[in-house]
Amino acid sequence: MRAVIQRVQGASVSVDGEVVGAVSGQGLCVLVGVTHDDGPAQVETIARKIASLRILDDEKSATDVDAQVLVISQFTLYGDARKGRRPTWQAAAPGDVAEPLVAAVVEQLRSKHGLHVETGVFGANMQVSLTNDGPVTILLEA
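Numbering of the sequence shown is given in my numbering, commencing with residue 482 and proceeding in unit increments.
Put into C-alpha cells, the structure is as follows:
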C-alpha cells in the first residue's frame, strides 16, 4: 500500500462537477494506492502513519490538532513507467480488492484515530483541487 500525503490549506474532490469531499483549513490530502498483496497489516500501518505524522504547524500531527483529512483512492500510484512510454498498471490491485482496503483505511482514521475524514468516489473520474501548504508532500509505503 502506498500513500502520498500532502499538507494542505484546503482541498476538495469533485465528480461530474459536484464536490463530493472537502477539507477546509490546514489538514491533509491523502492519495492511497493498493497492490495485490495488501491486507489488514498495511491498512493499520498506513492509517497510523497518516494520523500520527508530525507534519502540521508546530510539528503537530492530524490527531494532535483534529485536522481534517481528505482520502482519495489512486490506483496510478502503482503505475510503472520504467520501460517504454506507456505506464503499466499490473502492480495495482483490481477494484474489488482495493476498494474495501481504502475504505478500511478511512474507517480506521475515523474510528481508531478520531479524525474527520472526507473521501472521493472509488473508481470515478475525479478532479482534485488543493492548496499544498509548504509545500509538504510525503510518500509512504507499507
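The C-beta atom is built at its ideal place from N, Cα and C for all residues, glycine as well.
C-alpha gap between residue i and residue j, whole angstroms
i: Leu-558; j: Pro-568; result: 11 Å
i: Thr-587; j: Val-513; result: Just to set this straight, residue 587 is Val in the shown sequence, not Thr. So the alpha carbons of these two residues sit roughly 10 Å apart.
i: Leu-620; j: Asp-561; result: 16 Å
i: Ser-493; j: Lys-564; result: 33 Å
i: Asp-539; j: Asp-545; result: 10 Å
i: Gly-491; j: His-517; result: 32 Å
i: Ile-536; j: Gly-615; result: 10 Å
i: Arg-566; j: Ala-573; result: 18 Å
i: Gln-487; j: Leu-534; result: 11 Å
i: Lys-541; j: Thr-618; result: 15 Å
i: Lys-530; j: Ala-579; result: 19 Å
i: Ser-592; j: Trp-570; result: 32 Å
Range covered by the alpha helix (DSSP H) that runs through residue i
i: Ser-529; result: The question names Ser, but residue 529 is Arg in the sequence shown. Where Arg-529 is concerned, the enclosing alpha helix (DSSP H) stretches over 521-533.
i: Leu-582; result: 576-592
i: Thr-544; result: 543-546
8 Å CB neighbourhood of residue i in its chain, flanking five on each side removed
i: Val-500; result: Ser-493, Val-494
i: Pro-521; result: Ala-585
Residue interval of the beta strand (DSSP E) (run including residue i)
i: Asp-614; result: 607-622
i: Arg-633; result: Here the chain has residues from 482 to 623 only, and residue 633 is not among them.
i: Gly-514; result: 499-514
i: Arg-602; result: In the sequence as displayed, the identity of residue 602 is Val instead of Arg. Per DSSP, Val-602 belongs to no beta strand (DSSP E) and is neither H nor E.
Cutoff 6 Å; reference residue i; Cβ partners in own chain excluding five residues on either side
i: Gly-604; result: Gly-576
i: Leu-611; result: Val-489, Ala-492, Cys-510
i: Val-583; result: Val-513, Ser-554
i: Ala-528; result: Val-586, Gln-589, Leu-590
i: Ala-519; result: Looking at the sequence provided, one finds Asp at residue 519 rather than Ala. Taken in chain order, the residues that qualify are Met-482, Leu-582.
CB-CB length for residue i against residue j, believed under 8 Å
i: Leu-551; j: Glu-599; result: 5 Å
i: Val-504; j: Met-482; result: About 21 Å separates the two Cβ atoms, so there is no contact after all.
i: Ala-532; j: His-597; result: About 12 Å separates the two Cβ atoms, so there is no contact after all.
i: Gln-589; j: Val-524; result: 6 Å
Residue i Cβ short of 7 Å to the ligand GDP heavy atom set
i: Pro-521; result: Questions concerning the ligand GDP fall outside what the structure shown contains, since it holds no ligand whatsoever.
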